[in-house]
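Just remember that my numbering sits 1 ahead of the position in the first sequence, which is counted from 1.
Presented below is the structure to which this report refers.
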Amino acid sequence: MPELPEVETVVRGLQGPLVGRTFTGVTVGWPRAIRPSPDHLRQRLPGRRVAALTRRAKFLVFHLEGGGALLIHLKMSGNLQVAPAGEAMPLHVHTVFDLDNGHQLRFQDTRKFGRVHLVDDPAEVTGRLGPEPLAPRFGPARFRALFERRRGRLKPLLLNQEFLAGVGNIYADEGCCRAGVDPRRLVETLTGAELDRLYRGLRAALRTGIMLRGASLDAVYRGGEFQNHFRVYGRTGEPCRKCRAPIRRVVLGGRSTHFCPNCQK
DNA sequence: CTAAAATCCTGGTGGC
DNA sequence: TGCCACCAGGATTTTA
């Protein structure tokens, strides 16, 4: 379940091996993952050079020299690695991008939810996303403004990528915990002080996640350590680290949601 | 508008 | 030990 910090970790690890490289070929093993189509990708990507690699929300964005971009979303189980073309292919690698230095970018995705987009303008894919929570210009005032005229429970709103980009189930729960706010709260009842705590809690959880190189779950990831620092996520029944009350789990918007019933009001 | 449910997938888990 | 029903989970789509 890569979220913003996990994707940021992958991006930082791939910038060195990929920026400046040219794609020389593509092999598609799961056509449904490719947008707009595998033919389009195979015909248009080879010969294009990577000018920059950035992140937007949970998308990796490969900016191509001369315009256009390749976007990859890892969804639940995706991972990307660079390896020499001769090296043994791991299981569940459904898309392989050949590079001009004899290496390959390999998109491994057990559950096949991941997506690859080749577009002229990244905004075709990312245009409707909300603001980046860690952007330098995204201050508490802009965060508070997002909640104007919004209604409903807090947790599903935090997971809405058009509301705020990059937050997923783990960091929504961890952010609410740090803020001392119950994720079941109706957002129209949140006070300015609570929204400020939420702003800081969410950003602190995301920054800690990046610092620890993300969370490693399902044996998928790259040595991240954040899973060892969860305060509530996946700790149902275990004692709250602050007050020892058992962590509760409920389902909100179809997502498991974890919180301390004592510390979060 | 919000919200819940169904959808896509597979590996892991718990029950028997 | 083996089989199977069931679940997680990001985002989208459908239905209420």
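Note that the Cβ used here is the ideal one computed from N, Cα and C, for glycine as well.
In this text, all values refer to a predicted model and were calculated from it rather than measured experimentally.
Could you check where the alpha helix (DSSP H) with residue i kicks off and where it finishes?
{"i": "Q82", "result": "Note, Q82: premise wrong, no alpha helix (DSSP H); beta strand (DSSP E) at 79–85."}
{"i": "R56", "result": "R56 -> not in any alpha helix (DSSP H); beta strand (DSSP E) instead, spanning 51–57."}
{"i": "R17", "result": "Looking at the sequence itself, residue 17 is Gly, so the reference to Arg does not match. Residues 5–19."}
{"i": "K156", "result": "155–160"}
{"i": "R145", "result": "141–147"}
{"i": "E125", "result": "124–127"}
Run through the DSSP bridge pairs and tell me what residue i is partnered with.
{"i": "D110", "result": "G79"}
{"i": "I35", "result": "V117"}
{"i": "S257", "result": "V252"}
{"i": "H104", "result": "P85"}
{"i": "T25", "result": "The partner list for T25 (beta bridge, DSSP) is empty, contrary to what the question assumes."}
{"i": "R43", "result": "In DSSP, R43 forms no bridge with anything."}
{"i": "V97", "result": "T28, R107"}
What is the residue span of the beta strand (DSSP E) that residue i lies within?
{"i": "I73", "result": "70–74"}
{"i": "L61", "result": "60–65"}
Keeping to the same chain, check which residues put their C-beta closer than 7 Å to that of residue i; ignore five residues upstream and five downstream.
{"i": "Y234", "result": "I171, D174, E175, H259"}
{"i": "E4", "result": "K59, G167, V168, G169, I171, Y172"}
{"i": "Q162", "result": "A58, L130, G131"}
{"i": "F139", "result": "P132, E133"}
{"i": "R204", "result": "P134, L135"}
{"i": "R45", "result": "L119"}
{"i": "A70", "result": "V62, F63, H64, V120, P123"}
Excluding the 5 residues preceding and the 5 following residue i in the sequence, name in chain order all residues of the same chain whose CB lies nearer than 6 Å to its CB.
{"i": "E9", "result": "R56, I211"}
{"i": "R50", "result": "T23, E66"}
{"i": "D99", "result": "T25, G26, Q105"}
{"i": "G202", "result": "G176, R179, A180"}
{"i": "E189", "result": "R152"}
{"i": "R186", "result": "L155"}
{"i": "K76", "result": "F114, G115"}
{"i": "E226", "result": "L213"}
Can you name, in chain order, every residue of its own chain whose Cβ lies under 8 Å from the Cβ of residue i, other than the five neighbours on each side?
{"i": "A246", "result": "P240, C261, P262, N263, C264"}
{"i": "L160", "result": "V168, G169, N170, A173, G254, R256"}
{"i": "L196", "result": "P141, F144, R145, F148"}
{"i": "Q16", "result": "L54"}
{"i": "V29", "result": "I35, P39, L42, R43, H95, T96"}
{"i": "F266", "result": "It is Lys, not Phe, that sits at residue 266 in the sequence shown. If we look at K266 and ignore the five residues flanking it on each side, its Cβ neighbours are G181, V182, D183."}
{"i": "V20", "result": "V51, A52, A53, L54"}
{"i": "C244", "result": "C261, N263, C264"}
**Asked** Using 8 Å as the Cβ pair cut-off and three pairs as the minimum, do the segment 200–213 and the segment 170–178 touch?
**Response** Yes, the segment 200–213 touches the segment 170–178.
**Message:** Counting beta carbon pairs with one atom in the segment 93–110 and one in the segment 120–130, are three or more of them shorter than 8 Å?
**Reply:** No: fewer than three Cβ pairs fall under 8 Å.
**Message:** Using 8 Å as the cut-off, can you tell me whether the segment 85–92 makes contact with the segment 39–59, which would need three or more C-beta pairs spanning the two stretches below that distance?
**Reply:** Contact fails: fewer than three Cβ-Cβ distances are below 8 Å.
**Prompt:** At which residue ranges does the segment 176–249 contain complete alpha helix (DSSP H) runs of 4 or more residues, listed in the order of the chain?
**Reply:** Given a length threshold of 4 residues, each whole run of the alpha helix (DSSP H) inside the segment 176–249 is given here in chain order: 193–212.
**At least 3 beta-carbon pairs within less than 8 Å: the segment 35–51 vs the segment 115–123** = They touch, by the three-pair rule.
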